[in-house]
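Keeping their order, the protein sequence lines are chains A and B. Following the numbering used here, the numbering of the first sequence begins with 2 at its first residue and continues without gaps. Following the numbering used here, the numbering of the second sequence begins with 2 at its first residue and continues without gaps. Just so you know, even glycine gets a beta-carbon here, dropped at the ideal spot from N, CA and C.
There are 2 protein chains.
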Amino acid sequence: MTFDAQWLRLYVVTDSALCGDRGVAETVRQALAGGVTAVQLRDHEATTRELIDTARELRHLTAAAGVPLIIDDRLDVALAARADGVHLGQSDLHPVDARRVAGHGLAIGHSVSCIDEVEAVAEWPAGTIDYLGIGPVFATPTKPNAAAPLGIDGVREVLDCCDIPAVAIGGIKEVHVAPLREAGAAGVAVVSAICAAPDPAAAARILLAAEEIR
Amino acid sequence: MTFDAQWLRLYVVTDSALCGDRGVAETVRQALAGGVTAVQLRDHEATTRELIDTARELRHLTAAAGVPLIIDDRLDVALAARADGVHLGQSDLHPVDARRVAGHGLAIGHSVSCIDEVEAVAEWPAGTIDYLGIGPVFATPTKPNAAAPLGIDGVREVLDCCDIPAVAIGGIKEVHVAPLREAGAAGVAVVSAICAAPDPAAAARILLAAEEIR
Numbered sequence: 002m003t004f005d006a007q008w009l010r011l012y013v014v015t016d017s018a019l020c021g022d023r024g025v026a027e028t029v030r031q032a033l034a035g036g037v038t039a040v041q042l043r044d045h046e047a048t049t050r051e052l053i054d055t056a057r058e059l060r061h062l063t064a065a066a067g068v069p070l071i072i073d074d075r076l077d078v079a080l081a082a083r084a085d086g087v088h089l090g091q092s093d094l095h096p097v098d099a100r101r102v103a104g105h106g107l108a109i110g111h112s113v114s115c116i117d118e119v120e121a122v123a124e125w126p127a128g129t130i131d132y133l134g135i136g137p138v139f140a141t142p143t144k145p146n147a148a149a150p151l152g153i154d155g156v157r158e159v160l161d162c163c164d165i166p167a168v169a170i171g172g173i174k175e176v177h178v179a180p181l182r183e184a185g186a187a188g189v190a191v192v193s194a195i196c197a198a199p200d201p202a203a204a205a206r207i208l209l210a211a212e213e214i215r
Numbered sequence: 002m003t004f005d006a007q008w009l010r011l012y013v014v015t016d017s018a019l020c021g022d023r024g025v026a027e028t029v030r031q032a033l034a035g036g037v038t039a040v041q042l043r044d045h046e047a048t049t050r051e052l053i054d055t056a057r058e059l060r061h062l063t064a065a066a067g068v069p070l071i072i073d074d075r076l077d078v079a080l081a082a083r084a085d086g087v088h089l090g091q092s093d094l095h096p097v098d099a100r101r102v103a104g105h106g107l108a109i110g111h112s113v114s115c116i117d118e119v120e121a122v123a124e125w126p127a128g129t130i131d132y133l134g135i136g137p138v139f140a141t142p143t144k145p146n147a148a149a150p151l152g153i154d155g156v157r158e159v160l161d162c163c164d165i166p167a168v169a170i171g172g173i174k175e176v177h178v179a180p181l182r183e184a185g186a187a188g189v190a191v192v193s194a195i196c197a198a199p200d201p202a203a204a205a206r207i208l209l210a211a212e213e214i215r
């Protein structure tokens, strides 16, 4: 599946602990039913073998829904599981290295948390990354070692420095969706708002509907 | 560098904690001076970015010595750092997947701890893996969750079931080198015996000389 900025409209990032007894695959199944436009598998506790087994399970679900599957950090898992993309943070593989290894068949996302990090991206060869994750917008318990929150105005300032499609992430709730899109984000990425929801499909529908509320 | 069974003669596996203040790169530099025939970078604590930075540092040292660098678990890091090989345990990427992703430019090693695991390898396409790591020979504090120790006779039994070059690993000291080679191992892999040694070069020389002692 070739990258499309529509992927970024409502992008769910998995968290095994927040998915709880329901499990990651069932949570993703419900989130897909609710209309999420991308799924990122993130799990820093699993072994590589466990991670790829989960990736393959999610791959079936996302492919059936026509939605991309993106793997956090692990290019090896993304390639082995034939995922659609890999998401690379500041402490992950360098996107320039990842692009060299992966070629152009895989989407590459990259996290930035400040203007300096966006300006660094401009130095890389064109086409190195497909999209940016900008955040945290707000403080979030799902990523305790994250950078300082940007707030919506901070996201706007970062977005003004780049012309790569970007998804905003970090503590985002329904009420923030319209302001973030108005600030220039192609969409929002959420962890808790869907993974910890009693009804992930309903949570996804509410977040999608919130695009229109001003 | 194309795989050669000579790589397995004295194969050092790094351990950041055991290398201590001396650091991994300096320990490897001294081990190479002592004649180690392969270096495996193993670090499950580091971020991907830290791991690749270390891999690149070791790559310079090993390339200058004409010795292969192998990365534990992480095919992405092995490919990005242009290492010579990747070593895959039972909970890592499946070697068949890794071979598909990596092609034939990279050596693949695989850990087995019993006859069942060696028999599984025989089912894979020819050329999937280049070598086996067999162990633990003895109980070892550097891998607390390892399988039950095989002993030298157990290693011999596993070796008798396969025709892939194999390196023995797990609590190996000087006195075990000759019996393990006599049992059919192409060589020995060590962690503590070199990483924790006050003089890694001398420790490597002693292990190499121990091949001849019966």
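Item	Value
Going along chain A, which residues have a C-beta under 8 Å from B/A81?	L76, L94, H95, D98, A99, R101, V102
In whole angstroms, what is the alpha-carbon distance linking B/A127 and B/H105?	12 Å
Roughly how far, in whole angstroms, is the beta-carbon of B/A203 from the beta-carbon of B/A194, given that I think they are within contact range, below 8 Å?	Between B/A194 and B/A203 the Cβ distance is about 11 Å, and since that is not below 8 Å, they are no contact.
Can you tell me whether A/A81 is buried or exposed? The criterion is at least 16 other CB atoms within 10 Å of its CB, across all chains shown.	buried
Name, please, each residue of chain A whose Cβ falls closer than 8 Å to the Cβ of B/R50.	Q91, S92, D93, L94, H95
Please decide whether A/I130 counts as near chain B, where near means a Cβ-Cβ distance under 9 Å.	no
Bridge partners for A/L11 per DSSP, in chain order?	A/V189
Mind listing the chain B neighbours of A/I53? Cutoff is C-beta to C-beta under 8 Å, in chain order.	L94, H95, D98
Using DSSP with H/G/I as helix, E/B as strand and the rest coil, what is B/D44?	coil
Less than 9 Å between the C-beta atoms of A/L70 and A/V37, yes or no?	no
Contact check, A/T49 vs B/D98 under 8 Å by CB: the rounded distance?	With 8 Å as the limit, A/T49 and B/D98 do not qualify as a contact, their Cβ atoms being about 10 Å apart.
With distances taken from CA atoms, which of B/D131, B/G188, B/I130, B/H88 is nearest B/I153?	B/G188
So, A/P201 versus A/A39, is the Cβ gap smaller than 9 Å?	no
Which same chain residues end up closer than 7 Å to A/E158 when comparing Cβ atoms and leaving out the 5 residues on each side of it in sequence?	I116
Would the stretch 130-137 of chain B count as touching the stretch 160-180 of chain B if we require 3 or more Cβ pairs under 8 Å?	yes
Would you kindly work out how many angstroms separate the C-alpha atoms of B/L76 and A/T28, rounded to a whole number?	29 Å
Could you pull out every residue in the same chain whose Cβ sits closer than 6 Å to the Cβ of A/F4, ignoring the five residues on either side in sequence?	A108, D131
What did DSSP end up calling B/L70 once you bin it into helix, strand or coil?	strand
Where B/L59 and B/H45 are concerned, what is the direct C-alpha to C-alpha distance, given to the nearest angstrom?	17 Å
First and last residue of the alpha helix (DSSP H) that includes B/H88?	It is not in any alpha helix (DSSP H) - B/H88 instead sits in the beta strand (DSSP E) that spans 86-89.
From A/A79 to A/V14, what distance separates their C-alpha atoms?	15 Å
Compute the Euclidean distance between the alpha carbons of B/V119 and A/C20, then round it to the nearest angstrom.	37 Å
Excluding five sequence neighbours on each side, which residues of the same chain lie with their C-beta closer than 6 Å to the C-beta of A/V122?	none
Could you check the C-alpha separation between B/C196 and B/Q91 for me, to the nearest Å?	24 Å
Helix, strand or coil: how does DSSP classify A/H111 here?	strand
Taking B/E51 as the reference, which of A/L62, A/A56, A/D74, A/P145 has the closest Cα?	A/D74
Cα separation between A/R43 and A/A64?	18 Å
Note down, in chain order, each residue of its chain lying with its Cβ closer than 6 Å to the Cβ of A/A26, except the 5 sequence neighbours on either side.	E58
Going by Cα to Cα distance, which pick from B/L9, B/G155, B/I207, B/A184 is closest to B/E175?	B/I207
Between which residues of its own chain and B/L209 is the CB-CB distance below 8 Å, once the five residues before and five after are set aside?	R10, L11, G35, G36
On the premise that B/A179 lies in contact with B/L160, defined as a C-beta separation below 8 Å, what is that separation, rounded to the nearest angstrom?	With a Cβ gap of about 15 Å, B/L160 and B/A179 do not count as contacting.
For A/V192, collect the residues of the same chain with a Cβ closer than 7 Å to its Cβ; drop the 5 residues on either side in sequence, then sort them by chain order.	V14, D16, L19, T143
Curious, which full-length beta strand (DSSP E) runs of at least 3 residues does the stretch 134-195 of chain B contain?	167-170, 188-191
Suppose you measure from the CA of B/A186 to the CA of B/A6; what does that come to, to the nearest Å?	10 Å
From which residue to which residue does the alpha helix (DSSP H) around B/E120 run?	116-122
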